[in-house]
Ligand SMILES: [Zn+2]
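Residue numbers (my numbering): 2 to 380.
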């Protein structure tokens with residue numbers, strides 16, 4: 002023996018070290034509802050506190066309330082150390098059936114489906130479902146008997162196709178499926194659900210437990226951008242407001258576009274809004290408080306208008322227009338205008354009708370004569 006394992010001593014303040022390639026690569030934290038990489042989880046703890054974490058984990062497992070499960074098979078896991086005091090997760094019952102152990106190859110889709118299933122068992126998920134249900138029950142617009150958690154929703158035309166929304170409810174506005182966005186809801190889950198509820202003529206509303214504009218996971222972006230840049234959150238404060246006002250409220254995070262020196266920039270805003278003020282579209286499966294799309298179109302129209310005015314103010318003569326750089330600039334504007342179904346001539350300075358119109362418009366806008374070599378309107 003070159004080294005004897007039980008003699009390895011780790012300094013208490015040093016960080017714990019994971020084994021290099023663990024069989025169990027990812028675990029699910031059943032309290033926070035997050036998928037965690039085993040190596041990252043281990044390396045984030047100091048050795049001293051890690052011993053306590055291990056003890057707590059074992060105790061929780063003995064009580065039948067495990068904190069962590071294997072992300073692939075859902076079996077409770079605990080931490081063990083090898084002879085060199087490197088750590089890894091092991092299944093509570095190691096019967097060799099976990100695909101992670103047998104190294105059987107699962108498709109990406111199968112792995113995602115398994116993780117998604119595991120996350121649904123988490124405390125975080127139960128909590129958010131509870132908050133949504135309480136909010137709905139506070140609002141008489143929703144029919145009490147229709148507010149149900151985790152009940153099958155069958156497709157009307159195909160009984161083999163069904164979904165089980167976290168919470169479903171019917172109001173005067175229609176039928177709603179509320180889905181909690183877990184830390185890892187995947188794009189294909191989002192896409193297939195949208196299709197299902199659109200086909201059912203119902204609304205699918207994604208609800209998060211929290212949202213931070215600085216730290217957005219890719220999966221949140223999938224929801225954000227397919228939902229007109231609006232994200233909904235349910236939390237203690239929104240529930241309290243829903244109950245006080247007897248009107249279902251959600252917190253909405255949304256982006257407001259504005260034009261800054263020729264570039265459109267977005268700024269985040271947030272507001273607690275009544276659900277009745279949220280616009281719902283079945284066809285596009287969108288629900289939004291702030292119409293980002295319309296606002297962005299308006300902002301970019303304004304920007305384009307500014308560009309045309311700037312061009313015309315500088316290049317109103319035929320000589321100047323003849324220069325290639327001006328011609329290119331005009332043709333670029335022409336293309337942008339064309340996308341908005343506005344047709345303009347290729348050589349505007351040579352088109353007297355168009356010139357006249359532009360000059361009249363600019364004169365009206367600026368309040369002084371433009372294009373006629375006059376200094377004031379009166380002349
Ligand atoms: Zn497993």
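Note that the Cβ used here is the ideal one computed from N, Cα and C, for glycine as well.
- Here DSSP, grouped into helix, strand and coil, assigns residue 56 to helix.
- Counting only the Cα atoms, residue 163 lies some 24 angstroms from residue 125.
- Looking from the CA of residue 209, the closest CA among 111, 236, 46, 338 belongs to 236.
- Taking residue 227 as reference, the option from 139, 122, 356, 289 with the minimal CA-CA separation is 289.
- For residue 94, the Cβ stays outside the 6 angstroms cut-off from all heavy atoms of ligand 1.
- Taking the C-beta atoms as reference points, residue 44 is found nearer than 7 angstroms to residue 16.
- 81 is the residue among 81, 206, 20 whose C-alpha sits nearest the C-alpha of residue 54.
- Between the alpha carbons of residue 300 and residue 291 lies a distance of about 14 angstroms.
- The closest heavy atom of ligand 1 lies 6 angstroms or more from the beta carbon of residue 162.
- Scanning 144, 29, 132, 197 for the CA closest to the CA of residue 156 turns up 197.
- The three-state reading of DSSP puts residue 365 in helix, counting H, G and I together.
- If the five residues before and after residue 224 are omitted, its C-beta is found closer than 7 angstroms to the C-beta atoms of 182, 191, 207, 232, all from its own chain and listed in chain order.
- Burial check for residue 57: the Cβ neighbour count within 10 Å stays below 16, so the residue is exposed.
- For residue 129, the secondary structure class from DSSP, reduced to helix, strand or coil, is helix.
- Residue environment: residue 140 is assigned as buried (16 or more neighbouring CB atoms within 10 Å of its CB, all protein chains considered).
- The segment 264 to 275 and the segment 306 to 314 do not touch, with fewer than 3 CB-CB distances between them shorter than 8 angstroms.
- In this chain, the alpha helix (DSSP H) harbouring residue 103 covers 100 to 103.
- Collapsing the DSSP output to three states places residue 289 in a strand.
- Between ligand 1 and the CB of residue 76, the shortest heavy atom gap is smaller than 6 angstroms.
- Under the three-state reduction of DSSP, residue 273 is assigned to strand.
- DSSP places residue 175 in the strand class (E or B) of the three-state scheme.
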